[in-house]
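Enquirer: Take this structure, written in structure tokens, and hold onto it; I'll ask about it next.
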Amino acid sequence: MSESRHRDELKSCRRIVVKIGSSSLVHPQTGRLDLGKIEKLVRTLTDIKNSGRDVLLVSSGAIAVGRSTLGLIQRPDSLEMKQACAAIGQAKLMSVYQKLFAEYSTVAAQVLLTRVNLGLPVTRKNARSTLLELLSIHAIPIINENDSVSTDEIPEVQTFGDNDRLSASVASLIDADLLILLTDIDGMFSTDPKVDSNARLFDEIDVIDSHVLSMGGGNSGSAFGTGGMKSKLEAAKIATENGVNMVIANGNDIDNIRRILNGEHTGTLFPHR
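So the mapping is simple: our numbering equals the position in the sequence shown, first residue as 1, plus 600.
And the structure:
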């Protein structure tokens, strides 16, 4: 199947999960919320919902927002402080989302998950039922790792990624057609574009083999996020093996969501198997 055919298929996706990383939600100079970008994200997701499609948002940012609220210049070292930042930041972040979605007459629902929730049959079934019910009443679920009680998203304790694998698990759980990972680069490159000007952007990757995984490097993220390319490739493997298309794209331009859904060659596409 040709690359253009894969891209054309994205136009007909009816259930979409969008994941946005911490670095795409805050001003890099201050670590404070970029309200203009968040407002555009909210408007775009609401418009997708209004077109008759289901949309879910997996949003990082709780620790970054909590850190900014407390006036912490450096990322906290202790697990307890990171979880405290998450507790403070999650409430503030959700408040912003709910206020902005309400401006467009849309209900936003907070769903906090852990790997345990998605790993046990009973809680996994309950999580699926809740998310599908929220979609049936035309709400937009906003999902995050429950950082205040879970250590999965804190890389010093357990490498999990900045909600990347969580978003892929959620997309698989609710039979999504497409997962869009918004990050701080344009997609998957042959080498790190931040250090190699000759790095080549891949339009499409059909097979996630050991060679592709080796190009992902480590899991180090930005000053405000925790997920690197390795975690995104792991997410792509989860998604595509469960029948979900995935695209990695630059979250600094929220219009990339529309371009992807229009079948344009934006970001790197991982077509489902």
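Ideal Cβ placement from N, Cα and C applies to all residues, glycine included.
Predicted model, so just to flag it, every value in this text is computed and none were measured.
Would the segment 777-794 and the segment 857-867 be scored as touching if the rule is three or more Cβ pairs under 8 angstroms?
Expert: The answer is yes - the segment 857-867 touches the segment 777-794, with three or more Cβ pairs under 8 angstroms.
Enquirer: Cα separation between Glu834 and Thr669?
Expert: Approximately 32 angstroms between the Cα atoms of the pair.
Enquirer: I'd like to know whether the C-beta atoms of Gly851 and Lys830 end up nearer to each other than 8 angstroms.
Expert: Contact: no.
Enquirer: Taking only the alpha-carbon atoms, compute the straight-line gap between Ala836 and Ile737 and give it to the nearest angstrom.
Expert: Roughly 29 angstroms separates the two Cα atoms.
Enquirer: According to the Cβ coordinates, are Gly689 and Val658 closer than 8 angstroms?
Expert: No. Outside cutoff.
Enquirer: Quick check: Ile616 and Ala776, are their CB atoms within less than 8 angstroms of each other?
Expert: Their beta carbons are under 8 angstroms apart, which means Ile616 touches Ala776 by this criterion.
Enquirer: Report buried or exposed for Gly652, applying the criterion of at least 16 other Cβ atoms within 10 angstroms of its Cβ.
Expert: It counts as exposed.
Enquirer: Where does Gly821 fall in DSSP's three states?
Expert: Because Gly821 carries a pLDDT of 48, less than 50, the predicted location of this residue cannot be relied on, and no value is offered for it.
Enquirer: Work out the CA separation of Ser624 and Ala727 for me, nearest whole Å.
Expert: Between Ala727 and Ser624, the C-alpha separation is close to 27 angstroms.
Enquirer: Would you mind reading off the limits of the alpha helix (DSSP H) that contains Ser736?
Expert: Pro721 to Ser736 is the span of the alpha helix (DSSP H), which, as asked, contains Ser736.
Enquirer: So, for Ala739: in the same chain, excluding its five sequence neighbours on each side, which residues have a beta-carbon less than 6 angstroms away from its beta-carbon?
Expert: The residues are Val707 and Ala709.
Enquirer: Leu773 and Asn746 look like a contact to me (Cβ under 8 angstroms); what is the Cβ gap, rounded to whole Å?
Expert: Not quite, the Cβ-Cβ distance comes to about 16 angstroms (not below 8 angstroms), so this is no contact.
Enquirer: According to DSSP, which residues form a beta bridge with Leu801?
Expert: Paired residues: Phe789.
Enquirer: Using three-state DSSP, classify Asp654 as helix, strand or coil.
Expert: In the structure shown, Asp654 sits in a strand (DSSP, three-state: E or B).
Enquirer: Would you mind stating whether Val642 and Ile648 have Cβ atoms separated by less than 8 angstroms?
Expert: Going by C-beta atoms, Val642 is not nearer than 8 angstroms to Ile648.
Enquirer: Using the C-alpha atoms, what's the distance from Arg632 back to Lys692?
Expert: Taking the straight line joining both Cα atoms gives about 12 angstroms.
Enquirer: On the CB-based measure, 16 or more other CB atoms within 10 Å of its CB, does Asn744 come out buried or exposed?
Expert: Its Cβ being crowded by 16 or more others within 10 Å, Asn744 is buried.
Enquirer: For Gly761, does the count of other Cβ atoms within 10 angstroms reach 16, so buried, or fall short, so exposed?
Expert: Because Gly761 carries a pLDDT of 47, less than 50, the predicted location of this residue cannot be relied on, and no value is offered for it.
Enquirer: Counting only the same chain and skipping the five closest in sequence on each side, list residues whose C-beta sits under 8 angstroms from that of Lys611.
Expert: Here the set comprises Leu861, Asn862 and Gly863.
Enquirer: Can you find the residues in the same chain that come closer than 6 angstroms, C-beta to C-beta, to Thr840, ignoring five residues on each side of it along the sequence?
Expert: Excluding residues within five positions, the ones whose Cβ falls inside 6 angstroms are Phe870, His872 and Arg873.
Enquirer: Go ahead and label Gln758 buried or exposed: buried means 16 or more other beta carbons lie within 10 angstroms of its beta carbon, across all protein chains shown.
Expert: Bear in mind that a pLDDT of 40 at Gln758, under 50, signals an unreliable position, so the model cannot answer this.
Enquirer: Output the distance between the C-alpha atoms of Arg667 and Met681, rounded to the nearest integer angstrom.
Expert: Taking the straight line from one Cα to the other gives about 9 angstroms.
Enquirer: Counting along the chain, where does the alpha helix (DSSP H) carrying Leu693 start and finish?
Expert: Element bounds for Leu693: Leu679 to Glu703.
Enquirer: Return yes when the Cβ of Asp764 is within less than 8 angstroms of the Cβ of Lys832, no when it is not.
Expert: It is a contact, given that the beta carbons lie within the stated cut-off.
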